[in-house]
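A.B. asks: Would you mind keeping the following structure in view while I ask a few things?
Protein chains: 2
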Amino acid sequence: MYDVQVVSPLNYFAFTPLLPSVTCGTVEARSIVEPVRNIIKKRKGEIQFWEAECIKLDAKNKQVICRSNINNNLVGNGEFHLEYDYLVMAVGAQVNTFNTPGVLENCYFLKEVEDAQKIRRGVIDCFEKAILPGLTEEERRTNLHFVIVGGGPTGVEFAAELHDYFQEDLVNLYPSVKDLVKITLIQSGDHILNMFDERISSFAEQKFTRDGIDVQTGCRVVSVSDKEISMKMKSKGEVFSIPHGLVVWSTGVGTRPVVKDFMEQIGQGKRRILATDEWLRVKGCEDVYAIGDCATIDQRKIMEDIASIFEAADVDKSGTLTIKEFKDVMDDIIIRYPQVELYLKNQHLGDVTDLFKDSEGNYRPEVDIEQFKLALSHVDSQTKNLPATAQVAAQQGTYLSRCFNRRNECKNNPEGPRRFRGRGHHQFLPFQYKHFGQFAPLGGEQAAAELPGDWVSMGHSTQWLWYSVYASKQVSWRTRVLVVSDWTRRFIFGRDSSGI
Amino acid sequence: MYDVQVVSPLNYFAFTPLLPSVTCGTVEARSIVEPVRNIIKKRKGEIQFWEAECIKLDAKNKQVICRSNINNNLVGNGEFHLEYDYLVMAVGAQVNTFNTPGVLENCYFLKEVEDAQKIRRGVIDCFEKAILPGLTEEERRTNLHFVIVGGGPTGVEFAAELHDYFQEDLVNLYPSVKDLVKITLIQSGDHILNMFDERISSFAEQKFTRDGIDVQTGCRVVSVSDKEISMKMKSKGEVFSIPHGLVVWSTGVGTRPVVKDFMEQIGQGKRRILATDEWLRVKGCEDVYAIGDCATIDQRKIMEDIASIFEAADVDKSGTLTIKEFKDVMDDIIIRYPQVELYLKNQHLGDVTDLFKDSEGNYRPEVDIEQFKLALSHVDSQTKNLPATAQVAAQQGTYLSRCFNRRNECKNNPEGPRRFRGRGHHQFLPFQYKHFGQFAPLGGEQAAAELPGDWVSMGHSTQWLWYSVYASKQVSWRTRVLVVSDWTRRFIFGRDSSGI
Chain F
1 MYDVQVVSPL
11 NYFAFTPLLP
21 SVTCGTVEAR
31 SIVEPVRNII
41 KKRKGEIQFW
51 EAECIKLDAK
61 NKQVICRSNI
71 NNNLVGNGEF
81 HLEYDYLVMA
91 VGAQVNTFNT
101 PGVLENCYFL
111 KEVEDAQKIR
121 RGVIDCFEKA
131 ILPGLTEEER
141 RTNLHFVIVG
151 GGPTGVEFAA
161 ELHDYFQEDL
171 VNLYPSVKDL
181 VKITLIQSGD
191 HILNMFDERI
201 SSFAEQKFTR
211 DGIDVQTGCR
221 VVSVSDKEIS
231 MKMKSKGEVF
241 SIPHGLVVWS
251 TGVGTRPVVK
261 DFMEQIGQGK
271 RRILATDEWL
281 RVKGCEDVYA
291 IGDCATIDQR
301 KIMEDIASIF
311 EAADVDKSGT
321 LTIKEFKDVM
331 DDIIIRYPQV
341 ELYLKNQHLG
351 DVTDLFKDSE
361 GNYRPEVDIE
371 QFKLALSHVD
381 SQTKNLPATA
391 QVAAQQGTYL
401 SRCFNRRNEC
411 KNNPEGPRRF
421 RGRGHHQFLP
431 FQYKHFGQFA
441 PLGGEQAAAE
451 LPGDWVSMGH
461 STQWLWYSVY
471 ASKQVSWRTR
481 VLVVSDWTRR
491 FIFGRDSSGI
Chain W
1 MYDVQVVSPL
11 NYFAFTPLLP
21 SVTCGTVEAR
31 SIVEPVRNII
41 KKRKGEIQFW
51 EAECIKLDAK
61 NKQVICRSNI
71 NNNLVGNGEF
81 HLEYDYLVMA
91 VGAQVNTFNT
101 PGVLENCYFL
111 KEVEDAQKIR
121 RGVIDCFEKA
131 ILPGLTEEER
141 RTNLHFVIVG
151 GGPTGVEFAA
161 ELHDYFQEDL
171 VNLYPSVKDL
181 VKITLIQSGD
191 HILNMFDERI
201 SSFAEQKFTR
211 DGIDVQTGCR
221 VVSVSDKEIS
231 MKMKSKGEVF
241 SIPHGLVVWS
251 TGVGTRPVVK
261 DFMEQIGQGK
271 RRILATDEWL
281 RVKGCEDVYA
291 IGDCATIDQR
301 KIMEDIASIF
311 EAADVDKSGT
321 LTIKEFKDVM
331 DDIIIRYPQV
341 ELYLKNQHLG
351 DVTDLFKDSE
361 GNYRPEVDIE
371 QFKLALSHVD
381 SQTKNLPATA
391 QVAAQQGTYL
401 SRCFNRRNEC
411 KNNPEGPRRF
421 RGRGHHQFLP
431 FQYKHFGQFA
441 PLGGEQAAAE
451 LPGDWVSMGH
461 STQWLWYSVY
471 ASKQVSWRTR
481 VLVVSDWTRR
491 FIFGRDSSGI
């Protein structure tokens with residue numbers, strides 16, 4: 001039985017994948033949040049929650065220093081510290097402006113529920129201001145120019161939501177300015193949604209072009225002022241500025257100061273993101289784990305351990321590996337170094353033994369260490385960082401809680417792969433991410449999706465799939481009912497345009 | 001056909017009678033608001049809406065000076081002026097602190113939707129702060145002490161909502177501090193709900209006592225600091241202070257600066273509230289009307305016109321009035337001076353002719369001017385100001401729009417009562433308020449109500465009546481559906497305690 005203490009500056013858990021829907025009121029902010037205390041109440045055991053900001057992690061003394069961020073005049077010292085045996089960091093990431101001047105001051109973001117609420121109010125403000133008497137047409141156009149920086153799933157979904165909001169709702173309420181609205185999506189890469197399959201990218205680009213959304217690819221934003229946004233065309237190197245009414249910055253993931261400070265303490269000061277091993281243990285620090293966007297898994301390279309692997313596999317100490325000897329360790333290798341499986345798949349190799357073929361395609365009966373190195377030399381290039389998505393974070397959370405709950409059990413009967421550089425087995429299987437696919441809603445009741453097994457699906461039916469998947473993924477029955485009734489309400493009454 | 005222009009600093013209309021329900025999340029803020037543009041769209045004719053604050057009324061040049069209150073960096077001059085032929089003021093009232101020090105800085109209010117949202121967040125903040133480690137029990141108690149100033153319907157309903165919120169929802173989420181919560185209701189009068197029937201007052205007081213809500217009557221608040229509230233017991237004159245976590249100021253109606261400035265211009269500078277005549281025309285200013293909480297009807301006293309009435313009624317110029325002569329003008333008198341009817345009712349006089357009785361109860365055949373004055377001398381004491389409720393404002397709005405739409409029709413065929421001090425008839429009937437009763441929800445699914453015909457109703461069934469009346473009074477079908485589904489959601493899932 002663990003004594004669990006949860007610290008968070010927000011007393012609710014937000015289902016962030018629906019944040020873009022909140023920006024235009026398709027879904028209400030409250031429908032995607034569940035109070036942490038509600039979630040805790042349903043679990044067995046002693047769990048306590050404190051609404052406070054974690055301001056410092058003290059790895060040496062194993063304690064967390066917290067401060068209440070309630071800013072009114074309530075009495076009592078809001079600062080306290082908690083001691084821990086095990087610490088799980090799941091503080092997420094913050095916006096990364098890449099030090100672009102003016103971004104923090106002049107852009108909206110899409111990280112928190114409050115950000116989405118601010119955008120919603122901001123969009124209506126733009127319309128109410130643009131329609132007032134006494135403005136020139138140019139001024140109206142400027143106020144109704146919505147710029148989105150970042151062509152990833154969030155930026156694209158927000159652009160699509162915004163376009164639907166205009167076309168389906170606002171056009172009837174602000175008829176005199178309806179022809180002055182413009183949406184620009186700025187992407188530094190050559191295509192939007194470039195983490196998706198090419199077919200999805202081009203489908204999205206075509207749909208946006210038809211919708212009149214201006215997609216500027218190959219553009220890097222160099223500064224944002226209160227009135228203008230300046231960018232550089234990568235191809236020509238020329239810098240130009242356009243006036244804007246509202247800019248949403250939806251790109252980049254940055255490390256929070258408290259994590260940065262912690263990294264200094266544990267010797268990761270030179271890294272950009274906190275590193276964990278494959279068991280989600282923070283490197284360089286005992287009993288600290290990290291999941292979600294605040295950390296990244298530093299996958300061990302197979303080439304670093306190649307000599308140990310060879311030695312461990314070479315049971316008869318002959319200095320060469322037979323296919324049988326190799327096969328005996330292969331399962332452990334694939335679990336410990338998942339890049340091997342990815343490599344086999346990408347090279348269209350049916351079986352690991354194919355690695356034993358020589359350049360002419362014939363099986364070698366035995367390989368020596370140099371040949372073994374050569375055969376695996378390209379494997380590590382397949383190592384990939386996991387995306388900063390809720391899907392990854394949720395799986396990591398589940399994985400870690402399972403490990404904690406099987407700690408005693410697995411101490412005696414380790415379930416992990418064999419240790420090549422030591423003895424025995426690892427206590428747990430390393431974390432393995434299962435990609436169940438990813439959606440990109442594109443507006444007009446259409447969506448694109450990458451599904452398991454390299455399936456790609458696009459169009460109206462995909463949007464319905466999106467509805468059902470997102471409804472099923474809600475944290476509680478309460479939010480599920482709320483989200484579905486929000487969608488229904490939107491179908492019947494449209495989106496609300498009150499400036500609150 | 002009128003060219004209608006609507007100016008408001010908020011682009012939505014809020015159904016304010018449900019504001020107390022928003023403070024605890026029984027109803028969501030968005031469920032009680034309807035965008036002004038939605039309301040306009042459903043009406044025929046040219047109506048334009050501008051989201052701006054009216055910063056000055058210029059009665060002499062017949063124009064309104066407006067300024068957009070959108071504070072971000074959108075381009076364009078947000079200041080403009082509108083010229084009018086007719087002006088209808090419906091700007092409402094602002095909070096009145098009676099110059100009590102510290103109220104503006106340290107209290108929450110309940111006038112606007114945003115006020116209710118702030119209270120909701122504030123209540124949760126108190127709980128989250130009170131439960132943190134390292135506070136003394138005294139500090140926890142202070143943070144969980146909720147004070148409401150004002151024992152009117154709003155204050156009482158809020159106290160009841162808050163009590164329900166604790167008992168039904170928060171008690172399960174914050175079990176360790178549940179015994180430290182205290183609600184205090186401060187009322188300067190001797191009873192809460194003193195505008196209601198006595199039976200309702202005492203029912204409410206008894207229910208609150210059973211619920212553990214501390215009702216402090218006969219107490220006047222003298223100052224509020226960030227940590228304490230000081231008050232004076234009227235009976236003993238002693239001043240004492242109590243520490244608080246949150247204070248809601250729910251008493252007093254004050255005049256907005258723009259109205260105050262306008263009153264100076266038109267010679268009403270010495271009054272506290274803008275005065276209109278019985279046709280809702282602002283006194284001292286042509287073509288300006290005022291409805292709702294921003295003005296009050298200055299009912300003409302019958303004694304001011306008594307000589308003219310006598311003269312007009314005395315058709316044969318005999319110097320005395322016969323009963324028949326009096327009866328002929330009585331209908332016009334009752335319409336012009338509604339206090340007469342109220343007087344007859346309160347004196348239990350069945351008929352106006354009863355006024356002609358002498359002290360022994362016998363009818364006088366005729367009365368002279370002095371006897372006539374005497375008979376009516378107490379009538380004006382029945383003149384009452386209308387309450388500052390949505391019910392009054394809504395009826396005034398309907399009345400005024402009907403007048404505007406019948407302007408030409410009634411020019412030729414005036415519908416109003418006869419003019420005693422001039423010739424002919426008034427163009428329109430004066431505004432007459434119909435009181436349909438008033439509710440006071442008391443928590444725990446109980447309510448009290450004053451219904452037409454001096455009926456009083458209390459208990460659970462009254463709460464269900466409240467639900468049906470409030471559902472039916474919603475501005476649109478959309479908000480009606482939202483409010484009812486919010487109630488349903490509350491029954492099923494309880495109230496949300498997320499701090500957003």
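Going down the list, the protein sequences come from chains F and W.
The opening residue of the first sequence carries number 1 in UniProt numbering; numbering runs sequentially from there.
The opening residue of the second sequence carries number 1 in UniProt numbering; numbering runs sequentially from there.
Where is the CB? At the ideal position from N, CA and C, for every residue including glycine.
No experiment lies behind these values; they were computed from the predicted model shown.
What do you reckon, are the CB atoms on residue 74 of chain F and residue 78 of chain W nearer than 9 angstroms?
C.D. replies: Contact: no.
A.B. asks: Below 7 angstroms on C-beta distance, what does residue 80 of chain W contact in chain F?
C.D. replies: Result: 132, 133 and 134.
A.B. asks: Could you tell me which chain F residues have their CB closer than 7 angstroms to the CB of residue 227 of chain W, listed as they occur along the chain?
C.D. replies: In chain order: 73 and 75.
A.B. asks: Just to confirm, is the Cβ distance from residue 392 of chain W to residue 433 of chain W under 9 angstroms?
C.D. replies: Going by C-beta atoms, residue 392 of chain W is nearer than 9 angstroms to residue 433 of chain W.
A.B. asks: With 9 angstroms set as the bound, which would you pick, yes or no: does the beta-carbon of residue 452 of chain F sit closer than that to a beta-carbon of chain W?
C.D. replies: No, residue 452 of chain F does not count as interfacial toward chain W.
A.B. asks: Contact check, residue 147 of chain W vs residue 229 of chain W under 8 angstroms by CB: the rounded distance?
C.D. replies: Right, their Cβ atoms sit about 6 angstroms apart.
A.B. asks: Would you say residue 37 of chain W faces chain F, with C-beta separation under 9 angstroms as the test?
C.D. replies: At least one chain F Cβ lies under 9 angstroms of residue 37 of chain W.
A.B. asks: By how many angstroms is the C-alpha of residue 72 of chain W removed from the C-alpha of residue 226 of chain F?
C.D. replies: Residue 226 of chain F and residue 72 of chain W: Cα-Cα distance of roughly 9 angstroms.
A.B. asks: Is residue 205 of chain F closer than 9 angstroms to residue 191 of chain F when the C-beta atoms are compared?
C.D. replies: Going by C-beta atoms, residue 191 of chain F is nearer than 9 angstroms to residue 205 of chain F.
A.B. asks: Using a threshold of 9 angstroms, state whether the C-beta atoms of residue 216 of chain F and residue 195 of chain F are closer than that.
C.D. replies: For residue 216 of chain F and residue 195 of chain F, no; Cβs fall outside 9 angstroms.
A.B. asks: Can you pull the DSSP bridge partners for residue 247 of chain F?
C.D. replies: Looking at the DSSP assignment, residue 247 of chain F forms a beta bridge with F:147.
A.B. asks: For residue 221 of chain W, report the span of its alpha helix (DSSP H) as first-last.
C.D. replies: No alpha helix (DSSP H) contains residue 221 of chain W, which is instead part of the beta strand (DSSP E) from 219-224.
A.B. asks: For the stretch 39-54 of chain F, which residues have a beta carbon sitting closer than 8 angstroms to at least one beta carbon of chain W?
C.D. replies: Listed by position, the residues of the stretch 39-54 of chain F near chain W (Cβ gap below 8 angstroms) are 41, 50, 51 and 52.
A.B. asks: With DSSP run on the structure shown, which of helix, strand or coil describes residue 545 of chain W?
C.D. replies: Since the displayed chain W opens at 1 and closes at 500, residue 545 of chain W lies outside it and no answer follows.
A.B. asks: Do we get a CB-CB distance below 9 angstroms when we pair residue 117 of chain W with the residues of chain F?
C.D. replies: Interface residue, yes.
A.B. asks: Indicate whether the contact test is met: 3 or more Cβ pairs, each with one atom in the stretch 178-190 of chain W and one in the stretch 144-163 of chain W, closer than 8 angstroms.
C.D. replies: Counting Cβ pairs under 8 angstroms, three or more are found: they touch.
A.B. asks: Can you list the alpha helix (DSSP H) stretches of 4 or more residues lying completely in the stretch 264-348 of chain W, in chain order?
C.D. replies: Whole alpha helix (DSSP H) segments, 4+ residues: 306-313, 323-336 and 339-346.
A.B. asks: Taking 8 angstroms as the threshold, find out whether the stretch 51-64 of chain W comes into contact with the stretch 459-479 of chain F through three or more Cβ pairs.
C.D. replies: Output reads no: the stretch 459-479 of chain F does not touch the stretch 51-64 of chain W.
A.B. asks: Give the range of the beta strand (DSSP E) segment to which residue 459 of chain F is assigned.
C.D. replies: From DSSP, the beta strand (DSSP E) with residue 459 of chain F extends over 455-459.
A.B. asks: Any contact between the stretch 409-417 of chain W and the stretch 125-137 of chain W? By contact I mean 3 or more CB pairs, one from each, below 8 angstroms.
C.D. replies: Too few Cβ pairs lie closer than 8 angstroms, so no.
A.B. asks: Under a three-way DSSP split, which group does residue 503 of chain W fall into?
C.D. replies: Only positions 1 to 500 of chain W appear in this structure, which leaves residue 503 of chain W out of reach.
A.B. asks: For the structure I just gave you, are there three or more beta carbon pairs, one from the stretch 17-29 of chain W and one from the stretch 477-486 of chain F, closer than 8 angstroms?
C.D. replies: No, because fewer than three Cβ pairs between the stretch 17-29 of chain W and the stretch 477-486 of chain F fall closer than 8 angstroms, the two stretches do not touch.
A.B. asks: Check distances from the C-beta atoms of the stretch 11-36 of chain F to those of chain W and list, in chain order, the residues that come in under 7 angstroms.
C.D. replies: Under the 7 angstroms Cβ criterion, the stretch 11-36 of chain F contributes 11, 12, 28, 29, 30, 33 and 35.
A.B. asks: When you compare only the Cα positions, how much space is there between residue 451 of chain W and residue 462 of chain W?
C.D. replies: If you take the alpha carbons of residue 451 of chain W and residue 462 of chain W, they lie about 10 angstroms apart.
A.B. asks: Could you tell me whether the stretch 302-320 of chain W touches the stretch 363-383 of chain W, using the rule of 3 or more Cβ pairs below 8 angstroms?
C.D. replies: Yes: the two stretches touch, three or more of their Cβ pairs being nearer than 8 angstroms.
A.B. asks: Between residue 254 of chain F and the rest of its own chain, which residues show a CB-CB distance below 8 angstroms, the 5 nearest in sequence each way excluded?
C.D. replies: Excluding residues within five positions, the ones whose Cβ falls inside 8 angstroms are 93, 94, 95, 96 and 97.
A.B. asks: Find out if the Cβ-Cβ distance for the pair residue 497 of chain W, residue 274 of chain W is shorter than 9 angstroms.
C.D. replies: Not in contact: residue 497 of chain W and residue 274 of chain W (Cβ atoms no closer than 9 angstroms).
A.B. asks: If I follow the unbroken beta strand (DSSP E) through residue 383 of chain W, where does it start and stop?
C.D. replies: Per DSSP, residue 383 of chain W belongs to no beta strand (DSSP E) and is neither H nor E.
A.B. asks: For the beta strand (DSSP E) holding residue 184 of chain F, just list the boundary residues, first then last.
C.D. replies: Taken as a continuous stretch (DSSP letters only), the beta strand (DSSP E) holding residue 184 of chain F covers 182-187.
A.B. asks: So the alpha helix (DSSP H) residue 24 of chain W belongs to, where does it begin and stop?
C.D. replies: Element bounds for residue 24 of chain W: n/a, residue is neither H nor E.
A.B. asks: Just to check my reading of the structure: residue 47 of chain W and residue 6 of chain W have Cβ atoms closer than 8 angstroms, yes? What is that Cβ distance to the nearest angstrom?
C.D. replies: Between residue 6 of chain W and residue 47 of chain W the Cβ distance is about 7 angstroms, and since that is below 8 angstroms, they are a contact.
A.B. asks: Span of the alpha helix (DSSP H) holding residue 399 of chain W?
C.D. replies: Where residue 399 of chain W is concerned, the enclosing alpha helix (DSSP H) stretches over 390-405.
A.B. asks: Tell me whether the beta-carbon of residue 340 of chain W lies closer than 9 angstroms to the beta-carbon of residue 312 of chain W.
C.D. replies: Not a contact, by the Cβ cut-off of 9 angstroms.
A.B. asks: In chain order, what residues of the same chain have a beta carbon less than 8 angstroms from the beta carbon of residue 203 of chain F, not counting five sequence neighbours either side?
C.D. replies: So the list reads 442, 448 and 458, once near-sequence residues are dropped.
A.B. asks: Which residues of chain F have a Cβ atom closer than 9 angstroms to the Cβ of residue 493 of chain W, listed in chain order?
C.D. replies: Chain F residues near residue 493 of chain W: 476, 477, 478, 481 and 482.
A.B. asks: Buried or exposed: residue 398 of chain W, going by 16 or more other Cβ atoms within 10 Å of its Cβ?
C.D. replies: By the neighbour-count rule (16 or more Cβ atoms within 10 Å), residue 398 of chain W is not buried but exposed.
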